[in-house]
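Everything below concerns the one structure shown next.
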Amino acid sequence: SKFDTFYGADSVDVCYCESIRSQLTVCGTYFYQESNKVDENKDSRVGKLWIFQIKNKNELIKLLDLDTDGILDIRWSKAHYQFNQNPVILCALSTGFLMKFEFSFDDQFHIHLINKSVLNQSIVLDNKDALALSLNVNISNGKNALEYPIVTSYSNGCVSVVDPISENVIDSRKNHTLECWTACMNYNLNQWLVVSGGDDGSLIGTDIRESSASRPAISIGNAHHCVGVTSIEFDIYDSNIMYSGGYDDYLKAWDLRYLSSTGNGVKKPIELAVIKLDGGVWRIKQKPKQEFSEKSEFLCACMYNGVKIVSITESKVRFNQEFHYTHHESIAYGVSWLDENRILSCSFYDHSLHLWKLVR
């Protein structure tokens with residue numbers, strides 16, 4: 143099924159909500175509105191937050207749409223959900239804010255916004271005019287998500303880390319000279335290691351316990367052929383493995399156990415596997431592994447080349463393309479697994495959210 147999201151759709155995420163025993167989908171959108179005669183010197187970026195319930199396995203039922211500033215990325219917060227049982231959505235906004243929206247359900251299962259707050263007020267005050275471009279939250283299975291912070295990246299090259307419960311800023315530093323498109327924390331292995339990728343072509347890993355003036359723990363200056371690094375994810379089941387995608391159309395796997403020196407004490411991980419996907423790799427989402435499965439699978443939003451499903455061998459030395467979804471008519475930016483064979487993806491200029499079934 144398809145749904146018209148009104149503005150350009152750039153992010154989608156799925157959560158199982160225990161209180162209504164149903165899967166909920168959230169989609170974020172963005173629209174750049176140029177100044178007009180009424181507001182001559184004021185351009186604006188606006189968006190909508192959409193919440194859907196999945197019914198009859200393939201129906202998107204709209205529960206709520208909320209006018210917001212432009213949304214660049216969106217995630218359900220497992221940490222907040224564990225803490226108070228109310229669904230909480232986190233949004234990276236065009237104003238630079240990391241915004242928390244908290245919802246509740248009434249007896250008729252209607253959803254209501256009960257609270258919203260900014261989690262990074264001090265960062266925005268220090269970095270005026272910067273857009274929040276991406277956010278990453280804990281997706282580890284079987285662990286207490288309250289222990290893990292929220293990582294946000296910004297258009298001025300900065301990365302911030304926020305505690306999800308106290309809402310205190312743990313760390314903020316400038317890792318890139320251009321836009322920082324993506325950032326991720328190694329939640330399973332070392333929750334102090336934050337890796338970010340930027341439009342300057344670099345992939346930088348920093349230990350947030352160290353001063354921002356310290357050398358990065360990991361540095362790859364041309365991770366994706368000197369073009370922007372757009373997506374980073376750590377393997378859910380093997381925390382030594384990291385994946386990255388870039389504007390060069392490549393998806394790569396890196397091994398953090400084997401680091402080679404690049405000079406000045408900075409280390410570079412070993413590149414294990416690479417595959418060309420013929421479209422910039424904007425988002426990577428790993429599939430929760432099924433029992434006895436010997437391979438890991440990934441959803442990749444490949445911008446001008448639709449959505450691809452890629453697997454990697456258990457030895458992590460070879461990628462294989464498993465499936466190519468070609469029904470988006472514009473840039474595919476957002477992807478999310480609904481279950482074993484159902485997938486959500488969204489595209490921008492045709493402002494479209496798709497729910498589709500994987501047929502192998």
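Position in the sequence shown (from 1) plus 142 gives the number in the numbering used here.
Ideal placement from N, C-alpha and C gives every residue a C-beta, glycine not left out.
| Roughly how many angstroms separate the alpha carbons of N328 and D305, rounded to a whole number? | Within the sequence shown, the letter at position 186 stands for residue 328. Within the sequence shown, the letter at position 163 stands for residue 305. Their Cα atoms are separated by approximately 15 angstroms.
| task | List the residues that DSSP assigns as beta-bridge partners of D209. | result | For the purposes of this step, residue 209 is identified with residue 67 of the sequence shown, where counting begins at 1. In the DSSP output, where bridge partners are listed per residue, D209 has K190.
| message | Spatial neighbours of N447 within its chain, please: C-beta separation below 7 angstroms, excluding the five flanking residues on both sides. | response | By one-based count along the sequence shown, residue 447 stands at place 305. Correct list, in chain order: L419, D420, G421.
| said: Relative to the C-alpha of S438, which candidate in D377, D146, W498 has its C-alpha closest? | reply: Stepping through the sequence shown from its first residue, residue 438 is reached at position 296. Here the closest residue by C-alpha is D377.
| message | Taking 8 angstroms as the threshold (C-beta atoms), are I360 and V336 in contact? | response | Counting from 1 along the sequence shown, the entry for residue 336 is found at position 194. Counting from 1 along the sequence shown, the entry for residue 360 is found at position 218. No, the pair does not count as a contact, with Cβ atoms beyond the cut-off.
| query | Are C300 and N269 closer than 8 angstroms when you measure CB to CB? | reply | Taking the first residue of the sequence shown as position 1, residue 300 is located at position 158. Taking the first residue of the sequence shown as position 1, residue 269 is located at position 127. Yes, the Cβ-Cβ distance between C300 and N269 is below 8 angstroms.
| Spatially closest choice to Q175 from S236, R425, I473, by CA coordinates | By 1-based counting over the sequence shown, the position of residue 175 is 33. Closest option to Q175, Cα to Cα, is S236.
| Does DSSP classify V279 as helix, strand or coil? | Here residue 279 corresponds to residue number 137 of the sequence shown, with the count starting at 1. In this structure, V279 counts as coil in the three-state DSSP scheme.
| request: Could you tell me which uninterrupted beta strand (DSSP E) segments, each at least 3 residues in length, are contained entirely in the region 357–445, listed from first to last along the chain? | output: 360–362, 371–376, 383–388, 392–403, 409–418, 425–428, 438–443
| Exposed or buried, V449, counting other C-beta atoms within 10 Å across all chains shown (16 or more means buried)? | Taking the first residue of the sequence shown as position 1, residue 449 is located at position 307. Answer is buried; the Cβ neighbour count reaches 16.
| field | Supposed close pair L232, V266 - CB separation, criterion 8 angstroms | value | Residue numbering aside, residue 232 sits at position 90 when the sequence shown is read from its first letter. Residue numbering aside, residue 266 sits at position 124 when the sequence shown is read from its first letter. The pair is not a contact, with the Cβ atoms about 15 angstroms apart (cut-off 8 angstroms).
| said: Applying the 10 Å Cβ sphere with the 16-neighbour rule, what's the burial state of K394? | reply: The residue given as residue 394 occupies position 252 in the sequence shown. Burial call: buried.
| What's the call for R460, buried or exposed, on a 16-neighbour Cβ count within 10 Å? | Position 318 of the sequence shown, counted from the start, is the residue given in the question as residue 460. Looking at its Cβ environment, which holds fewer than 16 other Cβ atoms inside 10 Å, R460 is exposed.
| field | Burial state of Y149 (16 or more Cβ within 10 Å) | value | Stepping through the sequence shown from its first residue, residue 149 is reached at position 7. Under this definition Y149 is a buried residue.
| Going by alpha carbons, who is nearest to D390 out of L486, K316, K144, N364? | As a first step, residue 390 must be located in the sequence shown, where it is residue number 248. The option with the nearest alpha carbon to D390 is N364.
| field | Identity of the residues DSSP links to L235 by a beta bridge | value | Position 93 of the sequence shown, counting from 1, holds the residue named residue 235. Answer by DSSP bridge pairing, in chain order: I213.
| said: Buried or exposed for A474, going by 16 or more other Cβ atoms inside 10 Å? | reply: On the sequence shown, position 332 is the one that residue 474 refers to. So A474 counts as buried.
| field | Assigned secondary structure, C350 (DSSP; H/G/I helix, E/B strand, else coil) | value | Along the sequence shown, read from residue 1 onward, the residue named residue 350 stands at position 208. The amino acid occupying residue 350 in the given sequence is Ile; Cys does not appear at that position. Coil at I350, not helix or strand.
| message | Please report the distance separating the alpha-carbon of D155 from that of L480. | response | The residue you call residue 155 lines up with position 13 of the sequence shown. The residue you call residue 480 lines up with position 338 of the sequence shown. Their Cα atoms are separated by approximately 9 angstroms.
| request: Identify which residue in G347, I292, S143 has its Cα closest to the Cα of L201. | output: Indexing the sequence shown from 1 puts residue 201 at position 59. A small fix is needed here, since residue 201 is Glu in this sequence, not Leu. With distances taken between Cα atoms, E201 lies closest to S143.
| request: State the start and end residues of the unbroken alpha helix (DSSP H) segment that holds D342. | output: If you number the sequence shown from 1, residue 342 lands on position 200. First-last for D342: undefined, no H or E at that position.
| said: So, at 6 angstroms on beta carbons, what are the nonlocal neighbours of I362 in its own chain, with the 5 sequence-adjacent residues on each side left out? | reply: Position 220 of the sequence shown, counted from the start, is the residue given in the question as residue 362. Excluding positions up to five away in sequence, the list reads L345, K410.
| task | List the DSSP bridge partners of A274. | result | Position 132 of the sequence shown, counted from the start, is the residue given in the question as residue 274. Paired residue(s): Y296.
| field | DSSP three-state assignment for S489, whether helix, strand or coil | value | For the purposes of this step, residue 489 is taken as residue 347 along the sequence shown, with counting starting at 1. Reduced to three states, the DSSP call for S489 is strand.
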